[in-house]
Amino acid sequence: MNFNELNLRSEILRAVSELGYEQATDIQAGSIPSILEGQDVTGRSSTGTGKTAAFGIPIVQRTAENEDRSSVLILAPTRELALQITGEIRKYAKYLPSISVACIYGGQPMDPQIRALKKARIVVGTPGRIMDHLRRRTLKLDHLKTVVLDEADEMLNMGFIDDIRTILESAPEERQTILFSATLSPEIMKITEEFQTDTVFVKADKGKKTAAKIDQSFCYVTKEEKNDALRLLLEASAPRRALIFCNTKSMVDELSSYLGDFGYRCAGLHGDMKQSQRTSVMKDFKSGRIRLLIATDVAARGIDVEDVDAVFNYDIPQELEYYVHRIGRTGRAGREGASYTLVSGRMQLAHLRQIEQYIHAQIEERPVPTVASILERQETEFKETLKEKAAEGIEEKWLAFIDSLEKDGISAKEAAALLCERMQKKNRRTISLQDVTVRTAPRRTSWNSSGRDREDRSRSRRQFRGRNSRKNRPDNTEHSRRNRRENEKNPRGSRREKDSRQQRRENRKTSGL
Numbered sequence: 001m002n003f004n005e006l007n008l009r010s011e012i013l014r015a016v017s018e019l020g021y022e023q024a025t026d027i028q029a030g031s032i033p034s035i036l037e038g039q040d041v042t043g044r045s046s047t048g049t050g051k052t053a054a055f056g057i058p059i060v061q062r063t064a065e066n067e068d069r070s071s072v073l074i075l076a077p078t079r080e081l082a083l084q085i086t087g088e089i090r091k092y093a094k095y096l097p098s099i100s101v102a103c104i105y106g107g108q109p110m111d112p113q114i115r116a117l118k119k120a121r122i123v124v125g126t127p128g129r130i131m132d133h134l135r136r137r138t139l140k141l142d143h144l145k146t147v148v149l150d151e152a153d154e155m156l157n158m159g160f161i162d163d164i165r166t167i168l169e170s171a172p173e174e175r176q177t178i179l180f181s182a183t184l185s186p187e188i189m190k191i192t193e194e195f196q197t198d199t200v201f202v203k204a205d206k207g208k209k210t211a212a213k214i215d216q217s218f219c220y221v222t223k224e225e226k227n228d229a230l231r232l233l234l235e236a237s238a239p240r241r242a243l244i245f246c247n248t249k250s251m252v253d254e255l256s257s258y259l260g261d262f263g264y265r266c267a268g269l270h271g272d273m274k275q276s277q278r279t280s281v282m283k284d285f286k287s288g289r290i291r292l293l294i295a296t297d298v299a300a301r302g303i304d305v306e307d308v309d310a311v312f313n314y315d316i317p318q319e320l321e322y323y324v325h326r327i328g329r330t331g332r333a334g335r336e337g338a339s340y341t342l343v344s345g346r347m348q349l350a351h352l353r354q355i356e357q358y359i360h361a362q363i364e365e366r367p368v369p370t371v372a373s374i375l376e377r378q379e380t381e382f383k384e385t386l387k388e389k390a391a392e393g394i395e396e397k398w399l400a401f402i403d404s405l406e407k408d409g410i411s412a413k414e415a416a417a418l419l420c421e422r423m424q425k426k427n428r429r430t431i432s433l434q435d436v437t438v439r440t441a442p443r444r445t446s447w448n449s450s451g452r453d454r455e456d457r458s459r460s461r462r463q464f465r466g467r468n469s470r471k472n473r474p475d476n477t478e479h480s481r482r483n484r485r486e487n488e489k490n491p492r493g494s495r496r497e498k499d500s501r502q503q504r505r506e507n508r509k510t511s512g513l
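Oh and the sequence shown: position 16 is 16 in this note's numbering, straight run, nothing missing.
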């Protein structure tokens, strides 16, 4: 559907056209008409499908059409996502100067936020800071017309359910409630049933939760080999910009230091960092100064970078929906992308099978690239570069330099070989790599709802019964039964202990002690 068919104001169409929007995505085409009509909407859509525009564009139009003090409140789980939403809405309202947007989040002084709230018609914020302003009475919801919960599943995972309930209960009953989430869990449905009326459900992904153009694979390695495996994958894929996910803040710091030691342009991002640090890191990542961003799941929320080539799951995500959010950072807006997951041990492999069931897609197992294959690819690329440069023409000063080398007894062939050798030595990242042992995950069988291998489980049970069956227990032997009877007759100790005491007494007599 074209945006011209969505009954939008000319000012908004102009702004949208300048952003390069032509055709509405599935989530936009399904949501915008219902939101414009004032209906409650719950949308399920994975990251990178344009859901910010799905609620942002109609909200801007409805705000512009209401001349009274109507206001909109948008809740987001993280500061980064709140800033991203604010930036997008300001773009949609570029030619509507009467609409002002305030971004409210923690880690910033209250006074500037209070001044911004006085004139804002659209407020974007995190639940915690919104609650702070409600307690101070610097934010009032008397004229609230619309509430939006973006990435509602993540807000629930982060423990904001009580704040969300308080905010929704404080808002007028006659309001529009919009909710977007990557998953529609029972907890999300409970919020929908309690706080929405005649809900319109929009499910843009039609059951498949990950983009079709994302090449998903995993490598089966030991924990000790994960660092080497990650570097081999980075060198083999050579992403211009990539995200690496870890489950803990300490692992983010450790991995960013490790990769930095090998010359990678990388930085970490997690919740313990100051807001100024996080802002600086994101600025460098978007500008290209940093090519690898290592982050936790929570800190990565709100990262809006279109051309992320690949996502690396250094740690397999603990929650199923986190996998969807992670790999949704690549393959956005119809582009191709890739995701690589490092899996260690049968427990993680079982969890990966659960992820496959959850996303309705198979994640292909691939071996870790070898150093030889990486060097071969680099040599091929180097040859192609030389061919292109030769076709463009070589400057006379370099040809004269080669002539001077030949006069000194160094042939052109030898000079070229020496230059190639020097260039290869500069690439210390590849030279320092070591091959990782090629491992294959245990073969697939049927997996039950818990993700465990049924055949494996039954085999373990048989082995357990074999080791511990009654006929194999030593207690059932004649010798053990005799010892047990002796113990009952001699409460001071077993027959063996009695014999040992008697032997010690005889030894003392013999030795004269």
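Backbone N, C-alpha and C define an ideal beta-carbon position, used for all residues, glycine too.
Just so we're clear, the structure is a prediction, and the values are computed from it rather than from any experiment.
Counting along the chain, where does the beta strand (DSSP E) carrying residue 79 start and finish?
Position 79 of the sequence shown, counting from 1, holds the residue named residue 79. Careful: residue 79 lies outside any beta strand (DSSP E), inside the alpha helix (DSSP H) at 79 to 92.
Does DSSP put residue 464 in a helix, in a strand, or in coil?
For the purposes of this step, residue 464 is identified with residue 464 of the sequence shown, where counting begins at 1. At residue 464 the pLDDT is 40, less than 50, meaning the model places this residue with poor confidence and gives no usable figure here.
Residues of its chain near residue 307, where Cβ-Cβ distance is below 8 Å and the 5 sequence neighbours each way are ignored
Numbered from its first residue, the sequence shown carries residue 307 at position 307. The answer, listed in chain order, is 240, 241 and 335.
May I ask you to report which of helix, strand or coil DSSP gives residue 268?
Here residue 268 is taken as the residue at index 268 of the sequence shown, counted from 1. The answer is strand: DSSP assigns residue 268 an E or B state.
Give the straight-line distance between the Cα atoms of residue 350 and residue 367, rounded to the nearest whole angstrom.
The residue given as residue 350 occupies position 350 in the sequence shown. The residue given as residue 367 occupies position 367 in the sequence shown. Roughly 18 Å between the two C-alpha positions.
Coarse secondary structure for residue 262, derived from DSSP in three states:
Within the sequence shown, the letter at position 262 stands for residue 262. Residue 262 falls in the coil class under three-state DSSP.
Report all residues from its chain with a CB closer than 8 Å to the CB of residue 516; omit the five preceding and five following residues, and keep chain order.
Outside the modelled stretch of the chain, which goes from 1 to 513, sits residue 516, for which no answer is possible.
Does the stretch 9 to 25 come close enough to the stretch 49 to 68 that 3 or more CB-CB pairs lie under 8 Å?
yes
Starting from the Cα of residue 228, find the closest Cα among 342, 305 and 289 and give me that residue.
Residue numbering aside, residue 228 sits at position 228 when the sequence shown is read from its first letter. Comparing Cα-Cα distances from residue 228 to each of 342, 305 and 289, the minimum goes to 342.
Counting C-beta neighbours from all protein chains within 10 Å, is the total for residue 172 16 or more, i.e. buried, or is it exposed?
Here the question's residue 172 lines up with position 172 in the sequence shown. With fewer than 16 neighbouring CB atoms inside 10 Å of its own CB, residue 172 falls in the exposed class.
Just how far apart, CA to CA, sit residue 84 and residue 282?
Against the sequence shown, residue 84 aligns to sequence position 84. Against the sequence shown, residue 282 aligns to sequence position 282. Roughly 11 Å separates the two Cα atoms.
Locate the alpha helix (DSSP H) running through residue 362, then write down its first and last residues.
Position 362 of the sequence shown, counted from the first residue, corresponds to residue 362. Counting along the chain, residue 362 falls outside any alpha helix (DSSP H), and DSSP gives it neither H nor E.
For residue 145, count neighbouring C-beta atoms within 10 Å of its own C-beta (all shown protein chains included) and say buried if the count is 16 or more, exposed if not.
Position 145 of the sequence shown, counted from the start, is the residue given in the question as residue 145. Classification for residue 145: buried.
Starting from residue 385, trace the alpha helix (DSSP H) both ways and give me its first and last residue.
To locate residue 385, count along the sequence shown from 1; it is residue 385. Start and end: 371 to 392.
What are the boundary residues of the alpha helix (DSSP H) that residue 30 is part of?
For the purposes of this step, residue 30 is taken as residue 30 along the sequence shown, with counting starting at 1. Residue range 26 to 36 is occupied by the alpha helix (DSSP H) that includes residue 30.
Nearest neighbour of residue 243, chosen from 318, 75 and 295 [CA to CA]:
Taking the first residue of the sequence shown as position 1, residue 243 is located at position 243. Of 318, 75 and 295, the residue nearest in Cα terms is 295.
Could you tell me the distance, in whole angstroms, from the CA atom of residue 330 to the CA atom of residue 299?
Mapped onto the sequence shown, residue 330 falls at position 330. Mapped onto the sequence shown, residue 299 falls at position 299. Computed Cα separation, rounded: 16 Å.
Measuring straight from C-alpha to C-alpha, what distance separates residue 276 and residue 303?
Position 276 of the sequence shown, counted from the first residue, corresponds to residue 276. Position 303 of the sequence shown, counted from the first residue, corresponds to residue 303. Their Cα atoms are separated by approximately 16 Å.
Which of helix, strand or coil DSSP assigns to residue 63:
The sequence position of residue 63 within the sequence shown is 63, counting from 1. Here residue 63 sits in helix by DSSP.
Could you give the first and the last residue of the continuous beta strand (DSSP E) run that contains residue 202?
Locating residue 202 in the sequence shown gives position 202, where the first residue counts as 1. For residue 202, the enclosing beta strand (DSSP E) has its first and last residue at 200 to 203.
Using the C-alpha atoms, what's the distance from residue 130 back to residue 34?
Taking the first residue of the sequence shown as position 1, residue 34 is located at position 34. Taking the first residue of the sequence shown as position 1, residue 130 is located at position 130. When rounded, the distance between both Cα atoms is 27 Å.
Taking the alpha carbon of residue 95 as the point to measure from, which residue in 105, 301, 113 and 11 has its own alpha carbon closest?
As a first step, residue 95 must be located in the sequence shown, where it is residue number 95. Nearest of 105, 301, 113 and 11 to residue 95, Cα basis: 11.
Limits of the beta strand (DSSP E) - the one that residue 313 falls within:
Stepping through the sequence shown from its first residue, residue 313 is reached at position 313. In the DSSP assignment, residue 313 falls within the unbroken beta strand (DSSP E) covering 310 to 313.
Per-residue DSSP class, three states only, for residue 368
Position 368 of the sequence shown holds residue 368. Here residue 368 sits in coil by DSSP.
Just grab the DSSP bridge partners of residue 220 for me.
Here residue 220 is taken as the residue at index 220 of the sequence shown, counted from 1. In DSSP, residue 220 forms a bridge with 343.
So the candidates are 157, 369, 71 and 338; which of them puts its Cα closest to the Cα of residue 77?
Within the sequence shown, the letter at position 77 stands for residue 77. Looking from the CA of residue 77, the closest CA among 157, 369, 71 and 338 belongs to 157.
Among all the DSSP beta bridges, which residues are the ones paired with residue 518?
What the structure shows of the chain is the stretch from 1 to 513, and residue 518 is not part of that stretch, so it cannot be assessed.
Does the structure place the stretch 350 to 359 close enough to the stretch 316 to 329 that three or more beta carbon pairs sit under 8 Å?
yes
With distances taken Cα to Cα, identify the nearest neighbour of residue 141 among 288, 286, 166 and 162.
What you label residue 141 is simply residue 141 of the sequence shown in a count that begins at 1. Selected option, being the one with the closest Cα: 166.
In chain order, what residues of the same chain have a beta carbon less than 6 Å from the beta carbon of residue 151, not counting five sequence neighbours either side?
For the purposes of this step, residue 151 is identified with residue 151 of the sequence shown, where counting begins at 1. 77, listed in sequence order.
Residues sharing a beta bridge with residue 338, DSSP:
For this step, residue 338 is matched to residue 338 along the sequence shown. Looking at the DSSP assignment, residue 338 forms a beta bridge with 215 and 310.
Would you mind working out which of 89, 75 and 79 sits nearest residue 15, comparing C-alpha positions?
Within the sequence shown, residue 15 is the residue found at index 15, counting from 1. With respect to the C-alpha of residue 15, the residue from 89, 75 and 79 having the closest C-alpha is 89.
So residue 102 packs on residue 123, CB below 8 Å; how close in whole Å?
Along the sequence shown, one-based indexing puts residue 102 at 102. Along the sequence shown, one-based indexing puts residue 123 at 123. With 8 Å as the limit, residue 102 and residue 123 qualify as a contact, their Cβ atoms being about 5 Å apart.
Helix, strand or coil for residue 44? Go by DSSP, reduced to three states.
Counting from one through the sequence shown, the residue named residue 44 turns up at place 44. Three-state DSSP puts residue 44 in a strand.
So, helix, strand or coil for residue 2, using DSSP?
Numbered from 1 along the sequence shown, position 2 holds the residue referred to as residue 2. Looking at residue 2 - three-state DSSP - the assignment turns out to be strand.
Distance between residue 59 and residue 125 (C-alpha atoms, nearest Å)
Here residue 125 is taken as the residue at index 125 of the sequence shown, counted from 1. Here residue 59 is taken as the residue at index 59 of the sequence shown, counted from 1. Cα to Cα, residue 125 sits roughly 16 Å from residue 59.
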